[in-house]
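Right, one structure below, let's go through it.
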Amino acid sequence: MGSAVTQGTGTDATSLPEQRTGEGEAAPASVPLRLELLVHGVGGTTPEVMLESPHLKQMTGDSMSGTYRRWPDQDAEQNSAAYEGDAVLEAYSWAKLTSGAASRALWLLLLPFMFANLVHWMRPPGPPGADGGAADARLRGAYSALARLLAVSLTVLLTAAACEIAMDLAAWQCAADGACAARHSWVVFALGGHGGWWGQLGRRLVVAALVPLVMLAGLGQLARMTWSSYERVRPMKAPRTGDAPIEMETDGFWYGVATVGRLRALHLAAGLLTVAWTVVVPVIAHDRQAAPGRAWIGIVLLALLVAVGALLLASLSTGADLLTPRMLAAAVAGLAVLVFVYAAWSRPAWVADGRLPGAERGFAALLAGQLLLVAALTGIALTLTRGRSTTKPSAPLEPTAPAAPAAPASSAATAESGDSADSVASTEQAEPIDPAVPTDPSAAVGLSGSTDSTAPEKPGGAERGASADSPVTASPAAPASFAATADSGEPLAPIDPAAPVDPTLIVPSPGLGAPEPADSGFGGPGGGALRGLAGPATALLALGLGALFTSGSALLIAQRLAGPGDPVQAVPLLVWHASGTTLLAPVLLAVVVRLVVPLLRARKTLRPAVLAAYDEPPTTDSPRTGQITTALAGARLTEAGTGVIGTLALAAALQLLVALVGALVSGESLTAASADLGMVGSRLGEMLQSLGGWLTTAFLVGLVALGRSAYTSPARRRTVGVLWDIGTFWPRAAHPLAPPCYAERAVPDIEARVRTWLAADPARRLVLSAHSQGTILAAAALWQLDPATRGRVALLTYGSPLRRLYGRFFPAYMGPDQLMRLQRDMPRWDNLFRLTDPIGGPVRIPACAGSPAPDQPAFPDPLSFGRSEEYPILVPVNGHFDYRLDPRFLVARDALLRAIEDAPAAVG
């Protein structure tokens, strides 16, 4: 191995092994080449920073994503002898897929759509033994259908908000009021306040309808542009061998061209239906009184809108199209044109009175329907989790004696022998599949072997996750091997990946020779987040945010248009909801207190363990102690995030319910409803209503400002980017107008590079070295490889949220069973983490087929308490970053290189 050189991650430095110069004689055929493919995490890391060199050669890809090598290493394949015992470094950069101009921060305004899309992927995995049953398949299909219906309801809500502002507040109320029109000259011109052709009320509504139509056109164009850049990029065709695939292994999982194109047409049709409905209902209400002979035209158009809407909902819920999405959208567009013509019919005597007819009932019906969808979603999620133990994987593990390192040849040989009817090699390009339709898991093969544990299961784990002030101890005296395996030949009790984690935190001591704990008590509880109800909770957050954006913008515009004594008022339901935003402040304050108090308490609780781990006297009084204890306690606040999500979801549900009941019971705004409650009650109502609109506006402006600062500040991007990259990782299977899925480009990129590089020479081996969000991309790419190819790839993950975040919130796709299946086919997987890391953590997967359990002992952080001979200058607390600086990282990397040296060559 060469000496270490420094690599940066953003503004941080990391350690990379020095590369060969590439000079020398050609390599003999007997010297196999090893490649270490680096995949970065969040933060916009550039290839130059990853490889610590300004002189790079792009090996694959384009300006958006690709792989790079240092200039001397570009021809390493022709000089493999120079890299004997080492590996060629190659970096995959995907930073530009999630970064760009600061204007992309406006995507944050579509946050409700992103949350709605996540609901689909948060489906619980279902009870064990039921995966092959028809009832379980129906439950999974119903869950996906409800998620898609919930998503389209948010599109309708956004369109209805634009209709409320343009058609009700501006065209119906303000333009009809002389004082309001006089104060706002743009209303006079745009909405016919001067008495021109479009001065009639029906025509005024048609002109105002252009506002939501332009908004829908902009969203549709934005969705089409991102669809062309992400979903339409076709993955390479690849042969498939081995077991029947699980969902993450299916062809077309990362090729959502058909799904997003179909959903985009349906959502735009739903928005257009909303606009047409908002125009036709008040016109029918007028004609039934003033011109009954003409009202039947509007009634027929309304019935056709209802029929087409029913077809649209059926297409979304069942996935079966009686009419193609384009035909359905064309039918809606034709009906909308007829509605506009009908509304533009001359009605000179029609005068606006009060609020727009149908608006209040429409919003109430929409909100009630959304709450019913969440209730049904909750029922299905509870049914799927019922009977499933939260402490055991669905496939029982049979302890076996350790074997040789995983041999990929066995998988390939099985495929060639034809013993398995499901083991096939596809040579044609896979057609895109709809990831919204669950794969039939009845063909999925259970885990074939599992295994010896490197550490005994911790007894008596608590039901809850580790809190910030849980008990702590220093490292035990008994040393443990850095990459220990069960080599005694005696079968050990298998580790349960979903078992509750003992909250006792064990602080590791620094130094390569220091004793290592078998388990750190870190990483959060086992099982799904919120007991399998993460999907319904996220759905409530999506509804709450959508209603917040709608009510806040409507109330703000109403306040801007209205003057002293003017009757311009938003729909009472929206006023009630916006007013309730003020009462969310105590909830948020309680959440902050709930997080801060344990953090402060933990600083005191952790102090003795930290001093003992660094061999410092118990009486040591140093700011360094507080720095380390704060980092340790702060890292464990991630587990409190599920409680925060649950609390905010309940608050959103309560706010929606109170707004719905208050508007239906009173029939008027909060200010009007509280007018008879005395001076205190009326003043309180006025304050809540006025302050609610401004607070909501401030929230929207702050959200956009935060997004802009995240694109310009690498430090802030690291914080915001973690949540953003989680939200945009999954394909747009439920909402096509959500921010685009960068993984549709990144995962096929990594998979294709690994597969094609290994295919060129059967003696080649590869280490996939990934950090943070890059570990999720790496795992997804490995799932797309056939078992024979996976058998030639070792995985090195550090700071990985695979289990801590993805495994808990998306258990049907990245749960323990899926991770164990991934590990089964690889010769080695090492997972590195620190107790100061708020994002990464252990994966808690047992040893499999002779390969040790992935989790390595936790890295000490910092490497030294104070000044020392080795570290004369204080070293920082690195937390989630700079794993490659740690000397133990090179130990783990060397271990993986040796492991893949011993892996047998692939067959076929």
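Note that the working numbering has the sequence shown beginning at 481, numbered continuously upward.
Every residue gets a Cβ at the ideal spot worked out from N, C-alpha and C, and that includes glycine.
Could you check what DSSP says for residue i in three-state terms: helix, strand or coil?
i: I1125; result: helix
i: R549; result: strand
i: D1310; result: strand
i: V686; result: helix
i: Y445; result: For the chain, the structure presents residues 481 to 1388; residue 445 sits outside this window and is missing.
i: V511; result: coil
i: D1156; result: coil
i: D1229; result: helix
i: L1354; result: coil
i: K717; result: coil
i: E564; result: coil
i: G482; result: Note that G482 scores 41 on pLDDT, short of 50, meaning its location in the model is unreliable; the coordinates nonetheless yield the value given after this. Residue state, collapsed to three classes: coil.
i: C654; result: helix
i: T1105; result: helix
i: V831; result: coil
i: E729; result: helix
i: I454; result: Limits of the chain in this structure are 481 at one end and 1388 at the other, which puts residue 454 out of reach.
i: T1316; result: coil
i: C1328; result: strand
i: F1339; result: strand
i: S573; result: strand
i: E1224; result: helix
i: T1277; result: strand
i: A887; result: Any reading at A887 needs caution, since the residue's pLDDT is 36, under 50, leaving its predicted position unreliable; the model's value is listed next. Of the three classes helix, strand and coil, the one that applies to A887 here is coil, per DSSP.
i: A1093; result: helix
Within its chain, find whatever has a CB closer than 7 Å to the CB of residue i; leave out the 5 residues flanking it on each side and keep chain order.
i: G1254; result: V519, H520, G521
i: T1238; result: Checking the sequence, you will find Leu at residue 1238 rather than Thr. R1244, L1246, T1269, R1272.
i: F1290; result: W601, M602
i: E1231; result: A1261, Q1264, L1265
i: G1147; result: P1052
i: L1013; result: T858, A861
Identify, in the order they occur along the chain, each residue of the same chain with its Cβ nearer than 8 Å to the Cβ of residue i, setting aside the five sequence neighbours on each side.
i: R1212; result: N597, E711, G736, T739, V740, L743, A1218, P1220, C1221
i: L802; result: L791, A794, S795
i: G1043; result: A659, C660, R663
i: R549; result: L531, L536, K537, M539, A556, V568, L569, E570, A571
If you compare alpha carbons, which of the options is closest to residue i?
i: S1280; options: P1296, L1262, A1261, F1313; result: F1313
i: K537; options: M530, M544, V529, Q554; result: Q554
i: L1175; options: L1035, R1225, D1305, P1322; result: L1035
i: A839; options: A775, P762, L796, Q1303; result: P762
i: L785; options: R768, A809, L796, L802; result: A809
i: M695; options: T754, L1262, P1318, S1059; result: T754
i: A688; options: A571, L792, A823; result: A823
i: Q1394; options: Q1039, W830, L513, A1133; result: Residue numbering for the chain in the displayed model covers 481 to 1388; residue 1394 lies beyond these limits and cannot be assessed.
i: P1352; options: G1359, H1360, N1358, L1343; result: L1343
i: P1340; options: P1334, L1068, L1282, P990; result: P990
i: R1288; options: E557, A1009, T1099, D1297; result: A1009
i: L619; options: I860, A756, P512, V821; result: I860
i: G834; options: A1214, A650, D723, E727; result: A650
i: W551; options: R514, E528, A775, I777; result: E528
Could you pull out every residue in the same chain whose Cβ sits closer than 6 Å to the Cβ of residue i, ignoring the five residues on either side in sequence?
i: G945; result: A caution first: G945 carries a pLDDT of 38, below 50, which makes its placement in the model unreliable, though a value can still be read off. Contacts found: G1004, P1005, E1119.
i: W652; result: A832, L836
i: P912; result: A caution first: P912 carries a pLDDT of 42, below 50, which makes its placement in the model too unreliable to give a value.
i: G1165; result: L1150, T1151, S1154
i: V780; result: none
i: C654; result: C660, V667, L1041, V1048
i: G1142; result: W1056
i: A627; result: V599, H600, A1214
i: G606; result: D616, L864
i: A958; result: With a pLDDT of only 33 at A958, under 50, the local geometry of the prediction cannot be trusted, and the value read off the model is given with reservation. Nothing meets the Cβ criterion.
Which whole-angstrom value is the C-beta distance of residue i and residue j, which I expect to be below 8 Å?
i: S1033; j: L1168; result: Actually they do not touch by this definition, with Cβ atoms about 17 Å apart.
i: S545; j: L577; result: 6 Å
i: L1275; j: M1306; result: 6 Å
Stretch-stretch touch, CB-based, cutoff 8 Å, three pairs: the stretch 747 to 761 with the stretch 618 to 635: yes
Meets three-Cβ-pair contact criterion under 8 Å: the stretch 1368 to 1375 and the stretch 1298 to 1313: yes
Cβ pair count under 8 Å reaching 3, the stretch 655 to 664 against the stretch 697 to 705: no
Cβ contact check for the stretch 849 to 867 and the stretch 771 to 786: 3 or more pairs under 8 Å: no
Sufficient close CB pairs (3 or more, under 8 Å) joining the stretch 1108 to 1127 to the stretch 1081 to 1092: yes
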